[in-house]
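Numbered by full-length UniProt numbering, the letters in the sequence shown go through residues 1 to 197 in order. Backbone N, C-alpha and C define an ideal beta-carbon position, used for all residues, glycine too. Presented below is the structure to which this report refers.
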Amino acid sequence: MQISIILGHPDASSFNHAIAKAAVEELEHRGHTVCFHDLYAERFDPLITKDEFSRDARLPPEIQKHCEELKAADGIIVVHPNWWGQPPAILKGWIDRVVRPGVAYRFQENDSGEGIPVGLLKARHAVIFNTANTPAAREAEVFGDPLERLWKDCVFRFCGISAIQRKTFSVVVTSSLEQRTAWLAEARSILAETFGG
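Spelled out as structure tokens, the structure:
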């Protein structure tokens, strides 16, 4: 299988990077082809221009490459921190520029403004790994976990992916080496179960 991994964190020493590295290793060990993008390291430009709005727009080569990989992916993994209940801006820009009409979705024929999507992605599985510094109970009680709605309903189901799993590791800032090691093992286990090989 071809698996796309998208990482959105600016610090190469972060736990997010450790998760992404473990994901690459686990999937390659299982014989999968991995397309890995560290958006910050690549200096991905998150700003969409008006020239890219059209479904038939001529895209910059780097965006076209991301689109082709997304279309070809049998599975998608996204790794990012929870910042203000959202992914970092660079990752939101990746969604804006890459998860495009004609690539990831289209609208039903004869749509008269209802905006009912038809998912175009080949992938059937998506896994999102988040880190947070808010305990899970407080996150749910106070903030309602907006990342759950974003990734499951607004992005991946919209684009036709039926099996979506999200795992949040928290509280990272006070975690021990032993805890982080256990979390990495859990991430590997989730990927092994999801993508086998």
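Secondary structure of P117, DSSP reduced to three states:
strand
Should V98 be listed as close to the ligand ADP, given that the test is whether its C-beta is under 7 Å from any heavy atom?
This structure lacks the ligand ADP; in fact it carries no ligand of any kind.
Rounded to whole angstroms, what is the Cα-Cα separation between E178 and H9?
22 Å
Burial state of H29 (16 or more Cβ within 10 Å):
exposed
Taking just the CA atoms, how far does N133 sit from V173?
6 Å
Could you tell me the alpha carbon to alpha carbon distance between K50 and L39, rounded to whole angstroms?
22 Å
Alpha-carbon spacing of F36 relative to S4, whole angstroms:
6 Å
Does DSSP classify K152 as helix, strand or coil?
helix
Leaving out five residues on either side along the sequence, give the residues of the same chain with a beta carbon under 8 Å from the beta carbon of R192.
Note on identity: in this sequence residue 192 is Ala, with Arg being the wrong assignment. These residues qualify, in order along the chain: E26, R30.
Which one or two residues does DSSP pair with A163 in a beta bridge?
H125
Using the Cα positions of K63 and P81, report the straight-line distance between them to the nearest angstrom.
Residue 63 is actually Ile in this sequence, not Lys. Straight-line Cα distance between these residues: approximately 23 Å.
For N130, write down the residues that DSSP places opposite it in a beta bridge.
H80, T168
In the segment 36–91, which residue ranges form an unbroken alpha helix (DSSP H) of at least 4 residues, counting only runs that do not cross its ends?
61–72
Within 8 Å, strictly: CB atoms of K122 and D74:
yes
What are the start and end residues of the alpha helix (DSSP H) that includes F15?
15–29
Sequence-distant residues of the same chain with beta carbon closer than 8 Å to C159, five excluded per side:
V99, A104, Y105, P117, G119, L120, L121
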